[in-house]
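Notes to accompany the following structure.
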Amino acid sequence: MSTTPASRRLEGLATLASGVVFGFGLAWSTMVRPESIISFLTFEDFGLLIVLGVAVAINLLAYQLVPRLWKKPALGSAFQRRPFALDRSAVAGGILFGFGWGLCGVCPGPALAGIGTGNADLLVALAAILAGALLHGLVCGRGKS
Amino acid sequence: MNPASLFPNGVSQYAVGGALIGLGVALLYVTTGRPGGVSTFFSAAWSWLIRMPFFRQESFLESRQWRLVYALGLVLGGALYVALGLPLEASHLPAWKLALGGLFIGFGARLGGGCTSGHGICGMASLSVGSMAMVITFLATGIATAWLVKGLGL
């Protein structure tokens, strides 16, 4: 079912709609403003905890309950798991990510949604995030396939 | 402690925004089965340009198309918010902070296997202990860095 052109188009539309609702919410929650993230990290406004808490609560239902009720996602072939293994290099990555996050208050999602709201400054952040991901591949991907 | 001092801008924008963010990520999962982390897009996108084996790995090639559509949706969502005339304060940060910070964010998110959406929302909703450890790690270094930057007056 998931391989017919019509269902693939529907899957693409659902993916686009998911991104739109996500990006719209990032703007509504003010998380597209780096200043909002920084004022959370410096304990001036704890709003980010509410944003994250509500988003996680909704997804606990989606991730824990829906796969028990439905055999397959509505349009796809299977509920996928995030591939992740916690090791030293992952923790090092978390430390580096946290440093960048604390310095400029940008995350990958809000950088994209923020550009959509017309904040052209974030194009610098977007280019730098892409460069960082490239550097990661060049440094860590050598000898790996 | 007075709750108003924890939330000087109120809580409603955060609750509504968080619900929309959650619904967007949940919609992707229940329709397509995909966990909606954003940061893998920034590696997968390079597979269109770079022939190096790392960027040509199967997981990037098979996901780069939907990740691009999802990223496009994020940009459109922000644009729609502004087009509807909804309120948003301006934002100004020095370019050097965005450039240096962005470099660490891109490198760190990829080395760490995810960012605030991948580990913070999808990983936590999957009850992944590893993701919870990652969230604690980047929260701790993020808080320490933000205080350092504030203390130095940068």
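Residue numbers (the numbering used here), protein chains in the order written: chain A, 1 to 145; chain B, 1001 to 1154.
Ideal placement from N, C-alpha and C gives every residue a C-beta, glycine not left out.
Terminal residues of the continuous alpha helix (DSSP H) containing residue i?
i	result
A:Leu122	122 to 140
A:Cys104	88 to 104
B:Thr1040	1040 to 1044
A:Tyr63	Note, A:Tyr63: premise wrong, no alpha helix (DSSP H); not H, not E.
B:Ser1131	1129 to 1152
B:Gly1022	1012 to 1032
B:Pro1003	1003 to 1006
A:Leu112	108 to 116
With a threshold of 8 Å between beta carbons, is residue i in contact with chain A?
i	result
B:Trp1002	The sequence shown places Asn at residue 1002 of chain B, rather than the Trp named in the question. No, its Cβ sits nowhere closer than 8 Å to a Cβ of chain A.
B:Gly1085	no
B:Arg1064	no
B:Gly1077	yes
B:Arg1051	no
B:Leu1061	no
B:Gly1108	yes
B:Leu1152	no
B:Thr1141	yes
Pull up the CB-CB distance for residue i and residue j, whole angstroms please, since I reckon it's below 8 Å.
i	j	result
A:Val20	B:Leu1080	6 Å
A:Phe97	B:Ser1128	17 Å between Cβ atoms; not a contact.
B:Ala1146	A:Gly102	4 Å
B:Gly1017	A:Pro73	So it is not a contact: roughly 25 Å between Cβ atoms.
B:Gly1010	B:Val1025	That pair is no contact at about 24 Å.
A:Gly137	B:Phe1054	5 Å
B:Leu1103	A:Gly132	4 Å
Determine, for residue i, whether the minimum Cβ-Cβ distance to residues of chain B falls below 8 Å.
i	result
A:Pro5	no
A:Ser18	yes
A:Arg68	no
A:Arg33	yes
A:Met1	For A:Met1, the predicted model reports a pLDDT of 44, less than 50, meaning its position is unreliable; a value from the coordinates is still stated below. No, its Cβ sits nowhere closer than 8 Å to a Cβ of chain B.
A:Arg82	yes
A:Ala55	yes
A:Ala85	yes
A:Ala120	no
A:Ser145	The predicted model places A:Ser145 with a pLDDT of 44, which falls under 50 and marks its position as unreliable, so this point remains unresolved.
Chain E beta carbons: is any one of them nearer than 8 Å to that of residue i?
i	result
B:Trp1048	No chain E is present in this structure, whose protein chains are A and B.
Please give me, in chain order, every unbroken run of the alpha helix (DSSP H) with length at least 4 that falls completely inside the region 1052 to 1115 of chain B. 1058 to 1083, 1095 to 1111
Which runs of the alpha helix (DSSP H) spanning at least 4 residues fall entirely within the region 11 to 41 of chain A, listed in chain order? 34 to 41
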